[in-house]
Amino acid sequence: MVKQSPGGDEFEQFATSLFRLTRSLRATSHLWLQLPGGLKSTDITILKVLEDHGQSRSGFIADRLHVGASVISRQLASLSADGLVVRRKDPTDGRAELVDLTPEGRARLASLRRTYVSGMREQFTDWDAETALAAARTLDEISNHIVPALGGSAGSAGSGGSASQPSPTHAPAATDPGAVTGTDSDSVSTTTTDSTEDLNV
1 MVKQSPGGDE FEQFATSLFR LTRSLRATSH LWLQLPGGLK STDITILKVL
51 EDHGQSRSGF IADRLHVGAS VISRQLASLS ADGLVVRRKD PTDGRAELVD
101 LTPEGRARLA SLRRTYVSGM REQFTDWDAE TALAAARTLD EISNHIVPAL
151 GGSAGSAGSG GSASQPSPTH APAATDPGAV TGTDSDSVST TTTDSTEDLN
201 V
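Heads up: the sequence shown begins at 1 in UniProt numbering, then just goes up one per residue.
So this is what it looks like as structure tokens:
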């Protein structure tokens, strides 16, 4: 039996609901993420990439965010000036640089995550654990369908994705050559999209 292509009123309703969700997240993210000395959404995305993947080349980060090298360079310069990331030359390639989180960068990201989770709990006081987990699974499934369109892999979109493997633009930390782990929740991020979802909570 040939499977019928998605269509009809059901998928129109789904598309409308997905649009409303995205719009709602953009409209309310400031309630949870605008802290004293807070970061821009794209800054959060960069920090999350480094948390997930460890020390990385700037080109790898640009690929994850789907932006140019010059855009990432400016953002990394700002994060470095704030003491949230450290940049150094790649000892294996003098033309490339390696970027890693500083302890302050990890602490700032953890603080934002706690604030975000707290805000979500306040908004969903009528949800129990089972409802929250079911919603998380549905959102992961949606991401797994959308991410491939942006060049990512379906299995890496949600929290259940497999560990990432080193690539030509992703250098593992010099002190731990095998330490390239974490789920890729950033491949759907852009500089024009709020990145509350990139906190991966």
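No residue lacks a Cβ here, since even glycine has one placed at the ideal position from N, Cα and C. Remember, it's a predicted structure, so these values are computed and weren't measured experimentally.
Residue pairing by DSSP puts Val86 in a beta bridge opposite Asp100. In the DSSP assignment, Gln13 falls within the unbroken alpha helix (DSSP H) covering 9-28. In the displayed model, Asp93 falls within a strand according to three-state DSSP. Counting the other CB atoms within 10 Å of its CB gives His145 a total below 16, which places it among the exposed residues. Within the same chain, and ignoring the five residues on either side of Pro103 in sequence, no residue has its Cβ closer than 7 Å to its Cβ.
Per the coordinates, the alpha-carbon of Ser73 lies some 42 Å from the alpha-carbon of Glu130.
Rounded to whole angstroms, Glu10 and Arg20 show a C-alpha spacing of 15 Å. With contacts defined by Cβ atoms closer than 8 Å, Val86 and Asp100 form a contacting pair. Ranked by Cα distance from Leu98, the first of Ser111, Leu50, Lys40 is Leu50. Around the beta carbon of Thr45, 16 or more other beta carbons sit within 10 angstroms, so the residue counts as buried. By the neighbour-count definition (other C-beta atoms within 10 Å, threshold 16), Gln13 is an exposed residue. Just so you know, the alpha carbons of Arg108 and Thr115 end up roughly 11 Å apart.
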